[in-house]
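419 is the number that my numbering gives the last residue of the sequence shown; the numbers go up by one with no jumps. We put the CB at the ideal spot given by N, CA and C, even for glycine. Structure first, then comments.
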Amino acid sequence: MAHIVVIGAGIGGLPTVYELRRLLPSHHQITLISNQPLFTFIPSLPWVALNLISLQRIQLEIEPLVKKRGIHWLLGTVTKLDPKRQQITVEDEIITYDYVIVATGAELALDAVSGLGPETGSTQSICNPHHAKQASQAWSEFLADPGPLVVGAVPGASCFGPAYEFAMLADQTLRRLQQRDRISITFVTPEPYLGHLGIGSMANSQALVTELMAAHNINVLENADICHISPDTIYLSNSQTLPFKYAMLLPPFRGPSFLRQIPGLTDEKGFLPVLPTGQHPDYPSLYGIGVVVQINPPEVTPIPIGVPKTGQMTEGMGMAVAHNIACELGEISSHLMSPTLEAMCLADFGQTGVCFLAAPILPDAITGQRRKAIALQGKWVSWSKTAFEQFFLFKMRHGWSVPWFERLALQGLGLSLVQ
Ligand SMILES: Cc1cc2nc3c(=O)[nH]c(=O)nc-3n(C[C@H](O)[C@H](O)[C@H](O)COP(=O)(O)OP(=O)(O)OC[C@H]3O[C@@H](n4cnc5c(N)ncnc54)[C@H](O)[C@@H]3O)c2cc1C
C-alpha cells in the first residue's frame, strides 16, 4: 500500500485527487491537505471584486466531497517538507508519504514593491478569495467617492489576463452607472506591449487588445517599472507618477515558503523544477503541478515578467502526474505521460470577450513558432467563461477529474491536456 499526499485543494489539487482515486485501488491511501476549507474557482475572482457575482457562487466545501470518495482530508497549513525522509509537517503533525504532489499555487510576493497589496499597502489584488472580497469592499467605497482608476501589474508579475479583464469590466460597470466620463482609467503593465501576456508572439493579440483599450478610452503604459506606491500615487522608475483613488495591481508570484527554505530544491523564486513526468529531478517521490512549477520565460523583456500558468495547463499537469504515479505503482501498464502545456484563457470584457489560445505556451526553441497562437474576440467568450465555471464546479461536486466528453471536446478544438 502506498500513501500519496496532495498539498493544495485548488484547480490543480482537487481534480488530481479525483483522478488518483479513479486510477488507484482503495488499498492505496490518498490524503488531501489544504489550508482552506473551501475550493475556489479562481478565474472568476475579477467578477467577485467588481461585485458582479458573489464569492459563494464559486466556492465548494471540500471535506464532504472528498471524504465520501475515500480520500483522507486534512485542513491545515504545510509548514515544512523533508524530501529526503519523505515527511510533511502540517502545523504540529508529521505525515510520512510515498509520493507527494505539491499543488499550492502561488504565494503573493507583495513585498516586491513598497506599498503594494491590501494589507501592507494601498492597492487591491484579486489573486485569492480573501483579496477579492477586500477589493469588492474597496470598489463599493470607490463608487461612492470616485477618482482616477489604475489597473495592471507590477514588475515580475506573470498573470496578465485578469488585469485586462478587470480594466475592461470596470470600464463597463462605470459606463452602466453613468460615471465613466468623470473617471480616468489607466492600464499599467510591465509587458513590453499590450497582449504580450508573458509569452509574446501571440499573433493578433497585441493588435486586438490595443484596439479594445483605445475603443474604451483606457490610457495605456507599457514597459512600466513601478517602484513605489504611496496611499494615493504610483511611482515609476522613470519619474512618472500616477495618482489614483483605486488601484488593482497584480503582484509577482513565488513558491511557498516551505519549499523556499529547502536549499537547492527550487529556483530563486521558489518554483519547483520538474521533469516532463512532473517529478523533481533530485527527488523522484516529489511532484509539482500548477503555478508552483518552474517555467522559464521564452524571451528576455526590458522589465522582468513571468510566464502565466493557466488552469488548463494545471489540469494537464495533474492528469499526467496521477497517471505516472499509477504506472509507478504498477496499477496501470502504459507509457508515462507529460502535460502538453497548452493554454486557453477566456477573458470576459463585458460587452465582448477575448479567448487567448497558445498551444503550447512556450514557442518551439528553434522555429520560435507555436502549433497554434490566436486571440479570438466575441460575446461568446463571456458566455463560455460562465459556462466553463459552472462545468468545472459541477465536475468538482461530482468527483470527476477530466471526463471523456471534456477530452473529446478539447480534441475537437485540436487541443489535449497530456501526451
Ligand atoms: C485572478 C486570476 C484569474 C485567473 N483567470 C484564469 C483564466 O481565466 N483562465 C485560466 O486558465 N487560468 C486563470 N488563472 C490561473 C488559474 O487560476 C491557475 O492556473 C490555477 O488556479 C492554478 O491552480 P493551482 O492548483 O496551482 O493553485 P490554486 O488554484 O491557487 O490552489 C492552491 C491551493 O493550495 C492551498 N495552499 C497554498 N499554500 C498551502 C500550504 N502551505 N498548505 C496547505 N495548502 C496550501 C491554497 O489555499 C489553495 O487552495 C487566473 C489566476 C488568477 C489569480
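Check: What are the start and end residues of each continuous alpha helix (DSSP H) run of 4 or more residues lying completely inside the stretch 19 to 103, in chain order?; Outcome: 45 to 49, 62 to 67
Check: When burial is assigned at 16 or more other CB atoms within 10 Å of the CB, is I234 buried or exposed?; Outcome: buried
Check: Have a look at E222, V402, Y283 and flag the residue whose alpha-carbon is nearest the alpha-carbon of R85.; Outcome: Y283
Check: Under a three-way DSSP split, which group does L169 fall into?; Outcome: helix
Check: Taking buried to mean at least 16 other C-beta atoms within 10 Å of its own C-beta, is N324 buried or exposed?; Outcome: buried
Check: Skipping 5 residues on each side, what residues in its chain have a beta carbon closer than 6 Å to that of L14?; Outcome: F39, M396
Check: State yes or no: is the C-beta of P403 nearer than 7 Å to some heavy atom of ligand 1?; Outcome: no
Check: Three Cβ pairs or more, each shorter than 8 Å: is that satisfied between the stretch 298 to 314 and the stretch 354 to 369?; Outcome: yes
Check: Whole angstroms is fine: what's the gap from S114's alpha carbon to I226's?; Outcome: 10 Å
Check: Just grab the DSSP bridge partners of R407 for me.; Outcome: Answer by DSSP bridge pairing: none, since R407 is not bridged.
Check: If you draw a straight line from the C-alpha of R69 to the C-alpha of L177, how long is it?; Outcome: 47 Å
Check: Drop a sphere of 10 angstroms on the beta-carbon of S333, count the other beta-carbons inside from all chains shown, and report buried for 16 or more, exposed for fewer.; Outcome: exposed
Check: Measuring straight from C-alpha to C-alpha, what distance separates V307 and H72?; Outcome: 33 Å
Check: Pair every Cβ in the stretch 20 to 30 with every Cβ in the stretch 312 to 331, then say whether three or more of these pairs are closer than 8 Å.; Outcome: yes
Check: To the nearest angstrom, how far is the alpha carbon of F41 from that of N238?; Outcome: 38 Å
Check: Would you kindly report the start and end of the unbroken alpha helix (DSSP H) that includes Q206?; Outcome: 205 to 215
Check: Between L45, L357, A106, which lies nearest to V293 when the distance is taken from Cα to Cα?; Outcome: A106
Check: Contact defined as beta carbons within less than 8 Å: I believe G12 pairs with G368. What is the distance between those atoms, to the nearest angstrom?; Outcome: Not really, about 29 Å apart at Cβ, beyond 8 Å.
Check: Considering only their Cβ atoms, is the gap separating G270 from L286 smaller than 8 Å?; Outcome: no
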